[in-house]
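Chemist: Once you know that position 76 of the sequence shown is 76 in the numbering used here, the rest is easy, because the numbers rise by one and skip nothing. In this text, a Cβ means the ideal position worked out from N, Cα and C, and glycines have one as well.
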Amino acid sequence: MFIDTHTHLDFDVYDEDRELVIQRAIENDVQGIITIGTDAKTSEQSVLLAEKYAAVFAAVGIHPTDCAQATEKDYELIAELAGHEKVVAIGEVGLDYYHMRASKEIQEKAFVRQIELAQKLNLPLIIHNRDSHEDLFAILTRTDAGRTGGVLHSFSGDEKFLEKVLLEHFFVSFTGNITFKKSTSDALVKAAPLDCLLLETDSPFLTPVPLRGKRNEPAFVVHTAEKIAELKGLTLEEVGKVTSENAIKLFRLPL
Ligand SMILES: [Zn+2]
């Protein structure tokens, strides 16, 4: 069994065959899928998808690349959606100093306010971090974000940073990019204990080998799991089992 803890099923690349994509995931033993909002509109769409399909759960939040345009009303909608029974996390939220679509101050404000929402509702966080390790870690510790926990998705950074976030009780997840020929993440994946790991596709992005070039989807998470198994000298079943248990525990999935 596998759980894809990070996908964007509301994206229009799935408009033609969304139902089949979800079916294919289930047929391939992906028994839980968390679809993630990046602004008020996509968060709402994620909740609608979670309402429609038993295996689909939602996360709601405003992404650091979308926070410059976010209005008070958007934050109110996020807070309202967050109370929905199929919303299992606040996300994705965080900092992005690579695209830098909003100033550091605006990004920090948006991030802190959504950490506070997560704490108020006792929901875990799904955290985006791009070229912002130091500031991100400072905010996580200052706000005591580890209290409700969460995951640093598409983990990037060195082993020292990994050690720091694990000490704050966060999970980490790697995407299909660990399967790429040019991947430099082997040592990081080996260093991340299995009981702190989640699986994710970040689909439609980052399609794993051997399917690179195709649109990514939750069913393909098995290829990332295979790579983790190979690097850690474990069986695919062990990786699927433990990472699913981790996801069920963190997001309190009724699976
Ligand atoms: Zn994402």
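Nearest-angstrom Cα distance between residue 230 and residue 253?
Modeler: For the purposes of this step, residue 230 is taken as residue 230 along the sequence shown, with counting starting at 1. For the purposes of this step, residue 253 is taken as residue 253 along the sequence shown, with counting starting at 1. Approximately 27 Å, taken between the alpha carbons.
Chemist: Going by DSSP in three states, residue 139 sits in which element: helix, strand or coil?
Modeler: As a working note, residue 139 is residue 139 in the sequence shown. Of the three classes helix, strand and coil, the one that applies to residue 139 here is helix, per DSSP.
Chemist: Do residue 217 and residue 201 have their C-beta atoms within less than 8 Å of each other?
Modeler: On the sequence shown, position 217 is the one that residue 217 refers to. On the sequence shown, position 201 is the one that residue 201 refers to. Cβ distance < 8 Å, so residue 217 and residue 201 count as in contact.
Chemist: Is residue 313 near ligand 1 - that is, is its Cβ less than 7 Å away from at least one heavy atom of it?
Modeler: Residue 313 is absent from the structure shown; the chain starts at 1 and stops at 255.
Chemist: Alpha carbon to alpha carbon, what distance is there between residue 40 and residue 74?
Modeler: Taking the first residue of the sequence shown as position 1, residue 74 is located at position 74. Taking the first residue of the sequence shown as position 1, residue 40 is located at position 40. When rounded, the distance between both Cα atoms is 5 Å.
Chemist: Does at least one heavy atom of ligand 1 sit under 7 Å from the Cβ of residue 144?
Modeler: Along the sequence shown, read from residue 1 onward, the residue named residue 144 stands at position 144. Flag unset: Cβ of residue 144 not near ligand 1.
Chemist: Closest to residue 143 by C-alpha separation, out of 135, 90, 91 and 116, would be which residue?
Modeler: In the sequence shown, residue 143 corresponds to position 143, counting from 1. Here the closest residue by C-alpha is 116.
Chemist: State the beta-bridge partners of residue 57 as determined by DSSP.
Modeler: By 1-based counting over the sequence shown, the position of residue 57 is 57. BP columns for residue 57 point to 34.
Chemist: So, do the segment 79–91 and the segment 123–132 have three or more beta carbon pairs nearer to each other than 8 Å?
Modeler: Flag = yes, the segment 79–91 and the segment 123–132 touch.
Chemist: Taking only heavy atoms of ligand 1 into account, decide whether any of them is closer than 7 Å to the Cβ of residue 92.
Modeler: One-based indexing of the sequence shown puts residue 92 at position 92. Yes, ligand 1 has a heavy atom inside 7 Å of this Cβ.
Chemist: Could you check if residue 71 is buried or exposed, using at least 16 other CB atoms within 10 Å of its CB as the buried criterion?
Modeler: On the sequence shown, residue 71 is found 71 positions in, with the first residue counted as 1. Classification for residue 71: exposed.
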